[in-house]
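To start, the structure under review is shown below, and the notes come after it.
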Amino acid sequence: MDRWLITFFIGAILSLFMPIVPQFFCVILFTALGGVCLFSKRTRIVSGLFFGSAWILFNGVQYNEIWNNNHLDTTQLFNTPHTVIGKVKTIPTKTIISSKNKEGEAESRFNYKFNFEVLSLNQQVLEHPFILRLNWNKTKQNIQQGSKFNLTVKFKPPNGLANRGGFNYQVWLRQNQIVATGYVVKPRDSELIQNFSLKSSPSIRQHLYSQSLSLLPEHELASLLTALSFGERSAIEANIWDVLNKTNTQHLIAISGLHLGLIATSSFLLINMLIRILPLHSFIAKPSKLNFFILSINIKYLTIFLSCSLTFYYAYLAGFSLPTVRALIMLLLFWFFRMAGIKCSLVTWLFLTVFIVIMITPMSLISGSFWLSFYAVSLILLTVWRFKYTFTGKNKLTSWLKSLFWVQLSLSAFMLPISMLFNFQLSLVAIFANLFAVPLMSFTSIPLSLLAVLIMPFSHSISEALYQLSLLSIEILWIWLTYLAQQPWATINVSFVDIAAISLVLSVIGLISFLSLKRHYAYYFVLLVSALISYLTINNEKDSDWKVVVLDVGQGLSIFIEKNNKGILYDTGASYPSGFNMVEASVLPYLKFKGIESLDKVIISHSDNDHAGGLSVLQESIHIKELVANDAELKADSKCVQGDFFTWQGLTFNVLWPLDDPKYMGDENDDSCVIKISDGSSSVLLTGDISTRVEKLLLADTRTASLLKSNVIIAPHHGSKTSSSQPFIQAVSPQYVIYSAGFMNRWRMPSEVVQQRYKDEHIQAFNTAEAGMIEIKTFIDENTLDESIAKSIHSSKQLMKVTSYKQQMYPFWFAH
Numbered sequence: 003m004d005r006w007l008i009t010f011f012i013g014a015i016l017s018l019f020m021p022i023v024p025q026f027f028c029v030i031l032f033t034a035l036g037g038v039c040l041f042s043k044r045t046r047i048v049s050g051l052f053f054g055s056a057w058i059l060f061n062g063v064q065y066n067e068i069w070n071n072n073h074l075d076t077t078q079l080f081n082t083p084h085t086v087i088g089k090v091k092t093i094p095t096k097t098i099i100s101s102k103n104k105e106g107e108a109e110s111r112f113n114y115k116f117n118f119e120v121l122s123l124n125q126q127v128l129e130h131p132f133i134l135r136l137n138w139n140k141t142k143q144n145i146q147q148g149s150k151f152n153l154t155v156k157f158k159p160p161n162g163l164a165n166r167g168g169f170n171y172q173v174w175l176r177q178n179q180i181v182a183t184g185y186v187v188k189p190r191d192s193e194l195i196q197n198f199s200l201k202s203s204p205s206i207r208q209h210l211y212s213q214s215l216s217l218l219p220e221h222e223l224a225s226l227l228t229a230l231s232f233g234e235r236s237a238i239e240a241n242i243w244d245v246l247n248k249t250n251t252q253h254l255i256a257i258s259g260l261h262l263g264l265i266a267t268s269s270f271l272l273i274n275m276l277i278r279i280l281p282l283h284s285f286i287a288k289p290s291k292l293n294f295f296i297l298s299i300n301i302k303y304l305t306i307f308l309s310c311s312l313t314f315y316y317a318y319l320a321g322f323s324l325p326t327v328r329a330l331i332m333l334l335l336f337w338f339f340r341m342a343g344i345k346c347s348l349v350t351w352l353f354l355t356v357f358i359v360i361m362i363t364p365m366s367l368i369s370g371s372f373w374l375s376f377y378a379v380s381l382i383l384l385t386v387w388r389f390k391y392t393f394t395g396k397n398k399l400t401s402w403l404k405s406l407f408w409v410q411l412s413l414s415a416f417m418l419p420i421s422m423l424f425n426f427q428l429s430l431v432a433i434f435a436n437l438f439a440v441p442l443m444s445f446t447s448i449p450l451s452l453l454a455v456l457i458m459p460f461s462h463s464i465s466e467a468l469y470q471l472s473l474l475s476i477e478i479l480w481i482w483l484t485y486l487a488q489q490p491w492a493t494i495n496v497s498f499v500d501i502a503a504i505s506l507v508l509s510v511i512g513l514i515s516f517l518s519l520k521r522h523y524a525y526y527f528v529l530l531v532s533a534l535i536s537y538l539t540i541n542n543e544k545d546s547d548w549k550v551v552v553l554d555v556g557q558g559l560s561i562f563i564e565k566n567n568k569g570i571l572y573d574t575g576a577s578y579p580s581g582f583n584m585v586e587a588s589v590l591p592y593l594k595f596k597g598i599e600s601l602d603k604v605i606i607s608h609s610d611n612d613h614a615g616g617l618s619v620l621q622e623s624i625h626i627k628e629l630v631a632n633d634a635e636l637k638a639d640s641k642c643v644q645g646d647f648f649t650w651q652g653l654t655f656n657v658l659w660p661l662d663d664p665k666y667m668g669d670e671n672d673d674s675c676v677i678k679i680s681d682g683s684s685s686v687l688l689t690g691d692i693s694t695r696v697e698k699l700l701l702a703d704t705r706t707a708s709l710l711k712s713n714v715i716i717a718p719h720h721g722s723k724t725s726s727s728q729p730f731i732q733a734v735s736p737q738y739v740i741y742s743a744g745f746m747n748r749w750r751m752p753s754e755v756v757q758q759r760y761k762d763e764h765i766q767a768f769n770t771a772e773a774g775m776i777e778i779k780t781f782i783d784e785n786t787l788d789e790s791i792a793k794s795i796h797s798s799k800q801l802m803k804v805t806s807y808k809q810q811m812y813p814f815w816f817a818h
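Here the numbering used here runs 2 ahead of the position in the sequence shown, where the first position is 1.
This is the structure:
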């Protein structure tokens, strides 16, 4: 059985590596092949591979075919208003917007973000309801989980920014079975449904959550209590997250197996003790069949039932998140085997849990929390198995402390690579933080928070007192965590290559520690891994190689020029009133991924929000040696003026526009800083948002016209029809054009007319909206490239490589 479960798991994983989801026929074929393999003992184990692949791909097909299954025409579906009836599926994230009405009186409106299950679309009841991720801005409505609404919405297919090092929003949407994202367009006309068949009442979870908000003490750390009670972390401030990340204790406020395990164990012991203490016979004095039945029940079964019920309730409060579902399944399986008298090994128990989780929530396989959960459990089981003799002794307290230390040491060490991938930081204080935080929160904050929610329906005053006690324990812990986080040596910034090297070292340590390899085998293995580490850590790029990376920042622009692990940034992308900005979403994650801690230059083409909106956030987050911009408000170190140039590591940056004239320098599109980057062979033209008017002026000037020819052009103004004239395209004569545009943006950029112009010139096009981040890498072989070839731009085609995130870097069907 274990081997079949393992092959099922492997088959499920292998199905994720396909570039596209195959047709439904392939699902039927894999299922049939799995069925055929079951008939023979020799091939029975192989059937798991087929069944695992078929199950994951079936769910992938169902997700992609949701519109066809509901007989909806996708050509008329997106970015047009629709009337929908449905139910709020999650506790909404709420932001308060303060404003004044026409009379000058202060009033509050709310911005909401929530998952919405659509039951009816344009008065058509859906055969297969689907989930939208909606924004509802500036409304007075009180939106709660479980409420049903009649809304007018616009939506479009799921999409997200696609950059190395960044959060993949599209994967998250698919994992949560969200098939489209959109917003409410007519909030004033939307009314709460009063129809009896669609009762509008908030869920129990929402009701308790709303009550808890009114009972929570006014304190900066109070948001951690809602995270511990309901798994809602949206209210946690950035400075609190910073301390949690630096001390690597963020896992403590994400309801997971640790929390459910504590609740299950403590409730079992407490209920068992209460049942033994209470004089049950005095309550059942009169002889009757019912009393006889009650007394005949095994008390242990009652204790197990009540403990599991309480744990299930806690998982419900947490919204049945993946880690809680996994832990709940493990608990129920454990008690099932115990009560049924079935002997089950830890390996079987673990893989049965994996199997059931995949069957219930197939797309959890693409979730980081899935791998994090099972990896952590495997580490704990492996540590307990390997060092079980260390944990035994006459003194139970000493044995317990030793087991706590070794388990925590194992988790802190071997979870490092995964924790580093979240923020590209190595926490040197993690072990000191967790050794104190885990037991303290396990015995105080977590159970007190749950107890406060349990007692809330009966007594608000007791519930409030319990919250106060829970907050007190967190405050005590926070003194220690803040002290550790403030140490200058608390964290070290690491790149992806550093993480890979650390992972290999830990793999060697793990194999030697857990598998007890013989010494000479261990030495050989260490040598092998050391060679691999050397290969990964040595920069195999030549000094002459350089990259231009067009980051996916939606409808905006941000370009990173990289050479020898140093960089120059051209534009920052946009920032929005909500606080969301492209620097934190795209730019900084990529810089952390590459291990770049400072920028030699930041060049701002012009001051439009989609080009310069994130500058202030960038300045606060990373050291900038020089800022180049023409807008006086930006307080730049230097200006971008036609005729200027500078060299950087052998690259020449020629400024082609704007003129040194006040009317050409400011914050308008035609004031954009146009720069040509060249190494003498390969070149890239950065154009900002210039229009055909500037293009004509550049062509009219013989000096700038002679410099226009480039291998790659970043399409002016995101491919707007007001730019990229045919003469300009012919003068540049690029091999590649790259559009930096937002997915299904309202301006419909790049324009079809502009795309056709580049197509007519046989220029290969890339669009960040479709392909994600675009990387242009140049190669110059000084040994074979003679001087005459170096002077010819077009003869160096083979020395330039253009790759995209979605096609080459992360080409998996579930991410696109």
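We treat Cβ as the ideally placed atom computed from N, Cα and C, and that holds for glycine. All of these numbers come straight from a predicted model, not from anything done at the bench.
Using a threshold of 7 Å, state whether the C-beta atoms of residue i and residue j are closer than that.
i, j, result
"Met746", "Ser722", "no"
"Ile47", "Arg5", "yes"
"Gly54", "Ala108", "no"
"Met332", "Thr355", "yes"
"Ile778", "Val755", "no"
"Ala435", "Leu403", "no"
"Phe112", "Thr141", "yes"
"Ile494", "Leu418", "no"
"Gln488", "Pro219", "no"
"Lys91", "Tyr114", "no"
"Ser712", "Val739", "no"
From the DSSP output, in three-state form, read off residue i for me.
i, result
"Pro441", "helix"
"Pro131", "strand"
"Arg111", "strand"
"Tyr572", "strand"
"Lys345", "coil"
"Tyr812", "coil"
"Ile47", "helix"
"Asn671", "helix"
"Asn139", "strand"
"Phe151", "strand"
"Met802", "strand"
"Lys779", "strand"
"Gln146", "coil"
Going along the chain, which residues of its own chain have a beta-carbon closer than 6 Å to the beta-carbon of residue i, five neighbours each way excluded?
i, result
"Ile306", "Trp337"
"Thr724", "Ser693"
"Ser674", "Ser607, His608, Gly690, Asp691 and Ile692"
"Ala576", "Gly558, Met584, Asn611, Asp612 and Gly615"
"His261", "Ile448"
Residues in the same chain with beta-carbon distance under 7 Å from residue i, minus the five sequence neighbours each way, listed in chain order, please.
i, result
"His796", "Caution applies to His796, whose pLDDT of 42 falls short of 50 and renders its modelled position unreliable; the value that the coordinates give is listed next. Cβ within range, chain order: n/a, list empty."
"Asp672", "Ile692, Ser693, Arg695 and Val696"
"Leu411", "Ile433"
"Val135", "It should be noted that the sequence gives Arg, not Val, for residue 135. Around Arg135: Asn117, Leu175, Ile180 and Thr183."
Just mark residue i as buried or exposed, buried being the case when its beta carbon has 16 or more other beta carbons within 10 Å.
i, result
"Ala702", "exposed"
"Ala634", "exposed"
"Ser34", "Note that residue 34 corresponds to Ala in the displayed sequence, not to Ser. Counting Cβ neighbours within 10 Å, Ala34 comes out exposed, since fewer than 16 surround it."
"Thr574", "buried"
"Glu1", "Lying before the first or after the last residue shown, residue 1 is absent from the chain, which here runs from 3 to 818."
"Ser236", "exposed"
"Gly168", "buried"
Skipping 5 residues on each side, what residues in its chain have a beta carbon closer than 8 Å to that of residue i?
i, result
"Tyr303", "Met341"
"Val127", "Leu121"
"Gly512", "Phe416"
### Query
If you pair each beta-carbon of the region 360-379 with each one of the region 325-337, do three or more pairs fall below 8 Å?
By the Cβ criterion, the region 360-379 is in contact with the region 325-337, since at least three pairs of Cβ atoms, one from each stretch, lie closer than 8 Å.
### Task
Determine, using beta-carbon pairs with one atom in the region 597-605 and one in the region 620-629, whether at least three such pairs fall under 8 Å.
Yes, they touch.
### Query
Looking at C-beta atoms only, is the number of pairs between the region 678-692 and the region 652-664 that lie closer than 8 Å three or more?
Because the criterion of three Cβ pairs below 8 Å is met, the region 678-692 and the region 652-664 touch.
### Message
Could you check whether the region 69-78 touches the region 371-390, counting it as contact only if at least three pairs of C-beta atoms, one from each stretch, sit closer than 8 Å?
### Response
With a cut-off of 8 Å on Cβ pairs, the region 69-78 is not in contact with the region 371-390, counting fewer than three such pairs.
### Task
State whether the region 122-137 contacts the region 83-103, with contact taken as three or more CB pairs (one from each stretch) at a distance under 8 Å.
Yes, they touch.
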